[in-house]
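In what follows, a structure is listed as structure tokens, so that the remarks can point back to it.
In my numbering, the protein residues as written are 3 to 273.
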């Protein structure tokens, strides 16, 4: 009763187009309206590309996304150099489905500025509340000025964006291709999902409950691989030589001569 195969036609193509573009840029912070207008020439051609085994549409969107994300990296760093004025009343629309794409660089910069200010303001509020609590508990607590709290909040936003872009840098072309393929197969059948090879390995591990490794959860932090959890009963736990917070700099198998540096390596490759 759930399965309802769809015809691969222009209507199908339009649905895939909409879902795929939304998956690439859900907050509308990368693509310009001119990009969307250019992409729309494929809006009714995805069904033809599937039949002809072509990926021209994917190639175009993937390349453009890389360019726009590169622009955003520079843009957010530039914006976060200057303090935000939290005394100034401004509005931000977070109903992203209803807002339009930016038509030029000035609009895109303003969109990023409001987004970053909104994030920083949230951190600033938390810091103000923490300071109030500290003053309540300790009358000798050294109060920080609003400008210092603003700078700290901006630094938190800067670090958060840096970690986000580091994660994005680790994504390869095949990862983005998975997004495209899934926009197609999920439109055809919501119970079908494409796994890239690495994702298939993760799925097998989750289903089997078996994971061969050192018995630790790892996370990438500023080009370093950090241990964030040691699994009880695993090799790392039994060996008692590593602990949470350690950075893994190099890896060496018993039969290898030289250890391999994993600094800056993709997390999956490091694992």
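The beta carbon of each residue, even a glycine, is placed where N, CA and C say it ideally should be.
Beyond the five residues adjoining it in sequence on each side, residue 115 comes within less than 8 angstroms, by CB distance, of 81 in the same chain, given in chain order. By the CB criterion at 8 angstroms, residue 62 and residue 41 fall inside the cutoff. Put simply, of 21, 209, 9, 60 the residue whose alpha carbon is nearest the alpha carbon of residue 177 is 60.
Contact between residue 185 and residue 22 holds: their C-beta atoms lie close to 4 angstroms from each other, under 8 angstroms. Ranked by Cα distance from residue 170, the first of 268, 227, 230 is 268.
Taken through DSSP and simplified to helix, strand or coil, residue 150 comes out as helix.
In terms of Cβ geometry, residue 38 and residue 103 form a close pair [threshold 8 angstroms]. For residue 224, there is no enclosing beta strand (DSSP E), as DSSP marks it with neither H nor E. According to DSSP, residue pairing for residue 252 in a beta bridge involves 263. Shortest Cα-Cα distance from residue 36 to any of 95, 107, 86 involves 107. In the structure shown, residue 72 falls within a helical segment according to DSSP collapsed to helix, strand and coil. By alpha-carbon distance to residue 46, the top candidate from 187, 11, 72 is 11. For residue 111, the uninterrupted alpha helix (DSSP H) run begins and ends at 107-139, by DSSP.
Measuring C-alpha to C-alpha distances from residue 255 to each of 249, 221, 215, 230 identifies 215 as the nearest.
The beta carbons of residue 245 and residue 232 sit about 7 angstroms from each other, so the pair counts as a contact at 8 angstroms. Between the alpha carbons of residue 16 and residue 9 lies a distance of about 12 angstroms. For residue 164 against residue 145, the beta-carbon gap comes to about 29 angstroms, at or over 8 angstroms, which does not count as contact. In the three-state scheme derived from DSSP, where H, G and I count as helix and E and B as strand, residue 92 is classed as coil.
Within the model, the alpha-carbon separation for residue 130 versus residue 263 is close to 42 angstroms. In the DSSP assignment, residue 258 falls outside any alpha helix (DSSP H), carrying neither H nor E. The count of Cβ pairs closer than 8 angstroms, one atom from the stretch 225-241 and one from the stretch 179-193, stays below three, leaving the stretches out of contact.
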